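Here the structure is laid out as structure tokens; the discussion comes afterwards.
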Amino acid sequence: METKVYYIDEKDDKKIKEASRIIKAGGTVVFPTETVYGLGANALDEDACKKIFLAKGRPQDNPLIVHVADFDISKYVKYIPEKAKILMENFWPGPLTIIMPKSDTIPYMVTAGLENVAIRMPLNKIARKLISYSGVPIAAPSANISGRPSPTTIEHCIEDLNGKVDMIIGGEKCEVGLESTVVDVSDGEVIILRPGAITKEMMEEVIGNVFIDPAVLDKLKDDEKPRAPGMKYRHYAPSAPLTIVCGDINRVIEYINSKTLENNMKGIKTGILATDETVNEYKGSLKISLGSRKKPGIIAANLFDCLREFDKIDVDIIYAEGFGEEGINLAIMNRLKKAAGYNIVKV
Ligand code: AMP
Ligand code: MG
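All residue numbers for the sequence shown refer to my numbering, where the first residue is 168 and numbers rise by one.
Okay, structure coming up:
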């Protein structure tokens, strides 16, 4: 199919309205949000949502997030749990997705057969206008081929989905660069199923105890079922295998340098994912810095782009420095661990 690609900003109402007509007619549109680019379709139209799964090659048991532009979500949920109300007031619009009991208007195609629906109100102006002009909520997962790193620029979306969707709009780089924080409040407590820019610490300030689902930190056993079906899939992965090296930073550098040397002798090309503070300490030449450790928000925003970069420079194996687990570092480490298939070396 032919994909229309428009580089636009939020003032380009004509193009955003054209995109909204595609959504209303049951088509698919890739659009920017502050987290990552989304691949959207009318969330109330089962056939339209099916196209999302087909274009991405997404497993049918991985539910979609429904994006809204209005606080009145009463049509889409059975009820709004008390804690959800507090989170909505404090963090919407923004990178926080809340899982609540669904109403009958949301098709099971969207929730992958689950009784709960994930809802988010994005901050990005193009996204908000697109939803408002469409007059329907928009179901949208990240606009990448399933398994690849999520797209943070329009070029990433074109790479993955040109010819597979009706339209791609945008142009700006996503500010946050990691997918939204996902919390489940359907059982009364707030449980983080996927960490993001709205951190545990930020939510605890307004709501008290927040829990972290075990699947966020560690690999699940083969017979364990995650609360967020998407957490079981290998994700965000560059083509070359990735190993995270954790521990005292001087030892990390020493370890990666010795591996690089060893690999060089075997003709194996070694990529290194470093930070501004350390990048010059590595002996290899195929290294990329995520940014300064003093600015973890920037590291988060660069992560997926850097992972995709390694596919372009053609490396055989990649080593990445590890990060802590406080604040947004939890989200950075979560994505890195998934990209690495939980291949972690402690030194
Ligand atoms: P993506 O849209 O690719 O950013 O992924 C959305 C994430 O939210 C996946 O990990 C899904 O499994 C999770 N998710 C979406 N809807 C639900 C739901 N109703 N219950 C549990 N997890 C959900
Ligand atoms: Mg995704």
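Each residue gets a CB set at the ideal place from its N, CA and C atoms; glycine is no exception.
These numbers were taken from a predicted model, which means no experiment stands behind them.
Problem - Residue from His402, Asp415, Leu281 and Ile439 with nearest C-alpha to Lys426 - result: Locating residue 426 in the sequence shown gives position 259, where the first residue counts as 1. When only C-alpha atoms are compared, the closest one is Ile439.
Handout entry: Sequence-distant residues of the same chain with beta carbon closer than 6 angstroms to Val377, five excluded per side
Key = By one-based count along the sequence shown, residue 377 stands at place 210. Here the set comprises Val357, Lys367, Met370 and Glu371.
Exercise for the section: Taking Leu384 as the reference, give the member of Leu263, Lys461, Glu493 and Pro230 with the closest Cα. Expected result: On the sequence shown, residue 384 is found 217 positions in, with the first residue counted as 1. Among Leu263, Lys461, Glu493 and Pro230, the Cα nearest to that of Leu384 belongs to Glu493.
Problem - Span of the alpha helix (DSSP H), counted from its first residue to its last, around Tyr509 - result: Here residue 509 refers to the residue found at position 342 when the sequence shown is read from its first residue. Unbroken run through Tyr509: none, as it is neither H nor E.
Practice task
Measure the CB-CB distance between Asn283 and Ile266 and report whether it falls below 7 angstroms.
Solution key: One-based indexing of the sequence shown puts residue 283 at position 116. One-based indexing of the sequence shown puts residue 266 at position 99. Cβ atoms of Asn283 and Ile266: closer than 7 angstroms.
Exercise for the section: In angstroms with no decimal places, state the Cα-to-Cα distance between Asp351 and Ile359. Expected result: Numbered from its first residue, the sequence shown carries residue 351 at position 184. Numbered from its first residue, the sequence shown carries residue 359 at position 192. If you take the alpha carbons of Asp351 and Ile359, they lie about 7 angstroms apart.
Problem - As assigned by DSSP and simplified to three states, the class of Ile439 - result: Here residue 439 corresponds to residue number 272 of the sequence shown, with the count starting at 1. Here Ile439 sits in strand by DSSP.
Exercise for the section: Answer yes or no: do Gly458 and Asn447 have a C-beta to C-beta separation smaller than 7 angstroms? Expected result: Locating residue 458 in the sequence shown gives position 291, where the first residue counts as 1. Locating residue 447 in the sequence shown gives position 280, where the first residue counts as 1. Cβ distance not < 7 angstroms, so Gly458 and Asn447 don't count as in contact.
Handout entry: Coarse secondary structure for Arg287, derived from DSSP in three states
Key = Here residue 287 is taken as the residue at index 120 of the sequence shown, counted from 1. Note: Arg287 maps to strand in three-state DSSP.
Problem - Start and end residues, alpha helix (DSSP H) containing Ala323 - result: Counting from 1 along the sequence shown, the entry for residue 323 is found at position 156. Strictly speaking, residue 323 in this sequence is His, with Ala absent from that position. Counting along the chain, the alpha helix (DSSP H) containing His323 begins and ends at Ile321 to Leu328.
Handout entry: DSSP-derived helix/strand/coil call for Pro393
Key = The count along the sequence shown starts at 1 and reaches residue 393 at position 226. Pro393: coil per DSSP, three-state reduction.
Handout entry: Exposed unless 16 or more other CB atoms sit within 10 angstroms - verdict on Arg188
Key = The residue given as residue 188 occupies position 21 in the sequence shown. Exposed: under 16 other Cβ atoms inside 10 Å.
Handout entry: Thr264, DSSP secondary structure in three states
Key = For this step, residue 264 is matched to residue 97 along the sequence shown. If DSSP states are grouped into helix, strand and coil, Thr264 belongs with the strands.
Practice task
Express the C-alpha separation of Met276 and Gln227 in angstroms, rounding to a whole number.
Solution key: Taking the first residue of the sequence shown as position 1, residue 227 is located at position 60. Taking the first residue of the sequence shown as position 1, residue 276 is located at position 109. Each residue's alpha carbon lies about 8 angstroms from the other.
Practice task
On a CA-only basis, which of Asp354, Gly344, Val332 and Ile374 is nearest Phe258? Give me that one, please.
Solution key: On the sequence shown, position 91 is the one that residue 258 refers to. Of the candidates Asp354, Gly344, Val332 and Ile374, the one whose C-alpha sits nearest the C-alpha of Phe258 is Ile374.
Exercise for the section: On a CA-only basis, which of Gly224, Ile325, Ile219 and Leu497 is nearest Asp380? Give me that one, please. Expected result: By one-based count along the sequence shown, residue 380 stands at place 213. The shortest C-alpha separation from Asp380 is found at Leu497.
Problem - When Val349, Ala407, Tyr403 and Glu488 are compared against Asn424, the one with the closest alpha-carbon - result: Position 257 of the sequence shown, counting from 1, holds the residue named residue 424. The shortest Cα separation from Asn424 among Val349, Ala407, Tyr403 and Glu488 belongs to Glu488.
Practice task
Report buried or exposed for Tyr246, applying the criterion of at least 16 other Cβ atoms within 10 angstroms of its Cβ.
Solution key: Locating residue 246 in the sequence shown gives position 79, counting from the first residue. Under this definition Tyr246 is an exposed residue.
Handout entry: Delimiting residues of the beta strand (DSSP E) encompassing Leu453
Key = For this step, residue 453 is matched to residue 286 along the sequence shown. It spans Leu453 to Ser456 - the beta strand (DSSP E) in which Leu453 sits, taken as one unbroken run.
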